[in-house]
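Colleague: Take the sequence shown: its position 20, counting from 1, is numbered 19 in numbering that gives the first Met the number 0, and each next residue is one higher.
All C-beta atoms, glycine included, are put in the ideal place defined by N, C-alpha and C.
What you are looking at is a predicted structure, and each value in this text was computed from that prediction instead of being measured.
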Amino acid sequence: MLRRLALTAVVSLAVLSAVAPAATADSGTLPLPLPRPLPLPLPVLQGEAPARLTITVSGAENAAADGTFELRCAPAGGSHPVAEQACGRLDELAGEGKDPFAPVPGDALCTLQHGGPATARITGTWQGRHIDTVFSRTDGCEISRWNNLGPVLPNVG
Numbered sequence: 000m001l002r003r004l005a006l007t008a009v010v011s012l013a014v015l016s017a018v019a020p021a022a023t024a025d026s027g028t029l030p031l032p033l034p035r036p037l038p039l040p041l042p043v044l045q046g047e048a049p050a051r052l053t054i055t056v057s058g059a060e061n062a063a064a065d066g067t068f069e070l071r072c073a074p075a076g077g078s079h080p081v082a083e084q085a086c087g088r089l090d091e092l093a094g095e096g097k098d099p100f101a102p103v104p105g106d107a108l109c110t111l112q113h114g115g116p117a118t119a120r121i122t123g124t125w126q127g128r129h130i131d132t133v134f135s136r137t138d139g140c141e142i143s144r145w146n147n148l149g150p151v152l153p154n155v156g
């Protein structure tokens, strides 16, 4: 939906830019100099690039969760066991303006709980940018970061 809104805004601006000078030309007076349209940043349109991620999970207590999975979005596919739901979650996070691959901030206060030995590495592209990040379950912040990315990452504990 956000993509359609951005595309509609861009097309509307282009049409108005073309029509406005023609309308003033008919009136006989042309305001000089003509204002140039401002360039628009289009970060939303970067989401048009399909996600292509490789997810490697190891050390999970659930042996079925361990392994390397390919995830492709737009359309959903790859060897990921729940590709459709995983792509839906990534779209949801993108729509909220969140970066699910961002590390835990260095000044975060995290609980000292251990969520198990599972680790995951995600590499590839998402929203037109390169991704290479590691997830673990070593404290409350990392567990929350992992759980926030479900079902992209499996439920391991």
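1. Is the distance from the Cβ of G58 to the Cβ of T118 below 8 Å?
2. Using 8 Å as the threshold, is the C-beta distance between R51 and G123 below it?
3. Excluding sequence positions up to five away, which residues of its chain have a Cβ less than 7 Å from the Cβ of G115?
4. Does the Cβ of L111 have 16 or more other Cβ atoms within 10 Å, making it buried, or fewer, making it exposed?
5. Sorted by chain position, which residues of the same chain lie with C-beta nearer than 6 Å to G139's C-beta, five sequence neighbours on each side aside?
6. Thinking C-beta only, is W145 closer than 8 Å to F134?
7. Out of A85, R71, A48, point me to the one whose CA is closest to P153's CA.
8. In angstroms with no decimal places, state the Cα-to-Cα distance between G77 and K97.
9. Under three-state DSSP, which class holds A117?
10. Anyone know if the C-beta pair for T55 and F100 falls short of 8 Å?
11. Under three-state DSSP, which class holds E91?
12. With DSSP run on the structure shown, which of helix, strand or coil describes R172?
13. Just curious, the beta strand (DSSP E) that G66 is in, first and last residue?
14. Can you tell me which of the three DSSP states S135 falls into?
Modeller: On the basis of the supplied data:
1. Sequence index remark: in the sequence shown, residue 58 carries index 59 (1-based). Sequence index remark: in the sequence shown, residue 118 carries index 119 (1-based). Between G58 and T118, the C-beta gap is smaller than 8 Å, which places the two residues in contact.
2. Looking up residue 51 in the sequence shown gives position 52. Looking up residue 123 in the sequence shown gives position 124. Here R51 is near G123, since their CB atoms are less than 8 Å apart.
3. As a first step, residue 115 must be located in the sequence shown, where it is residue number 116. So the list reads E60, R136, V155, G156, once near-sequence residues are dropped.
4. Taking the first residue of the sequence shown as 1, we reach residue 111 at position 112. It counts as exposed.
5. One-based indexing of the sequence shown puts residue 139 at position 140. C109, T110, Q112.
6. The count along the sequence shown starts at 1 and reaches residue 134 at position 135. The count along the sequence shown starts at 1 and reaches residue 145 at position 146. Going by C-beta atoms, F134 is nearer than 8 Å to W145.
7. Locating residue 153 in the sequence shown gives position 154, where the first residue counts as 1. Per the Cα distances, A85.
8. Locating residue 77 in the sequence shown gives position 78, where the first residue counts as 1. Locating residue 97 in the sequence shown gives position 98, where the first residue counts as 1. Approximately 24 Å, taken between the alpha carbons.
9. For the purposes of this step, residue 117 is identified with residue 118 of the sequence shown, where counting begins at 1. For A117, the secondary structure class from DSSP, reduced to helix, strand or coil, is coil.
10. Residue numbering aside, residue 55 sits at position 56 when the sequence shown is read from its first letter. Residue numbering aside, residue 100 sits at position 101 when the sequence shown is read from its first letter. No. Outside cutoff.
11. Taking the first residue of the sequence shown as 1, we reach residue 91 at position 92. Of the three classes helix, strand and coil, the one that applies to E91 here is helix, per DSSP.
12. Absent from the structure is residue 172, since the part of the chain shown begins at 0 and ends at 156.
13. Position 67 of the sequence shown, counted from the first residue, corresponds to residue 66. 66 to 71 is the span of the beta strand (DSSP E), which, as asked, contains G66.
14. To locate residue 135, count along the sequence shown from 1; it is residue 136. DSSP, read as helix, strand or coil, puts S135 in strand.
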